[in-house]
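Note sheet for the following structure.
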Amino acid sequence: MERYQSNSREETVTIAENFAKTLQKGDIVCLYGGLGAGKTAFVSGVAKGLGYQGYTSSPTFTLMNEYIAALPIYHFDVYRIAGSDEMEAVGIDDYLFGDGVCLIEWPDKIADLLPEAVIRVEIQKSDKNENQRIITIERERENETAGD
């Protein structure tokens, strides 16, 4: 598990940019944190780290934004969906098991569609400083069991 402290949006972007260098085809990054925590800023850093030069925004109303970079980036925001069936209907499996990297905001809404091997990124706001965030990155591996 990796843990970082960010004191600004720019620092969050830099942390994510460095994190992006560890990503590989097929990685699924689940982003956890409340409204305004910095999930979209983190996505912006990942996109930058993978070579995307354009503007990134949260796909709150479109469900998914695609960014062309060294690896295709599929950025999902499933905050407004009713359930997993809705995401299956739009063909999320094609992206989850495709040739790019998936970044998913609010992944708990579609947890039943996700494989076990995901990368969890949790962004927590500080109670003491409105600009400070604690970013925790945890990689869950497919074949981990209690006895390993």
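In the numbering used here, the protein residues as written are 17 to 164.
From the three backbone atoms N, C-alpha and C, an ideal C-beta is built for every residue, glycine too.
All figures in this text were calculated on a predicted structure; none of them were measured in a lab.
From residue i to residue j, what distance separates their C-alpha atoms?
i	j	result
residue 22	residue 45	19 Å
residue 69	residue 130	29 Å
residue 123	residue 92	9 Å
residue 74	residue 28	16 Å
residue 82	residue 88	7 Å
residue 58	residue 107	25 Å
residue 71	residue 78	16 Å
residue 90	residue 17	24 Å
residue 147	residue 126	29 Å
residue 95	residue 76	7 Å
residue 112	residue 84	16 Å
residue 26	residue 32	10 Å
residue 135	residue 47	9 Å
residue 49	residue 153	12 Å
residue 6	residue 100	What is shown of the chain runs 17 to 164, which leaves residue 6 out entirely.
Which residues share a DSSP beta bridge with residue i?
i	result
residue 48	138
residue 95	Answer by DSSP bridge pairing: none, since residue 95 is not bridged.
residue 82	90
residue 22	149
residue 154	136
Taking the Cβ atom as the reference point for each residue, do residue i and residue j lie within a distance shorter than 9 Å?
i	j	result
residue 150	residue 20	yes
residue 41	residue 116	yes
residue 54	residue 36	no
residue 67	residue 86	yes
Starting from residue i, follow the alpha helix (DSSP H) in both directions and report where the run begins and ends.
i	result
residue 34	25-36
residue 121	Counting along the chain, residue 121 falls outside any alpha helix (DSSP H), though it belongs to the beta strand (DSSP E) covering 117-121.
residue 56	55-65
residue 104	100-105
residue 108	108-112
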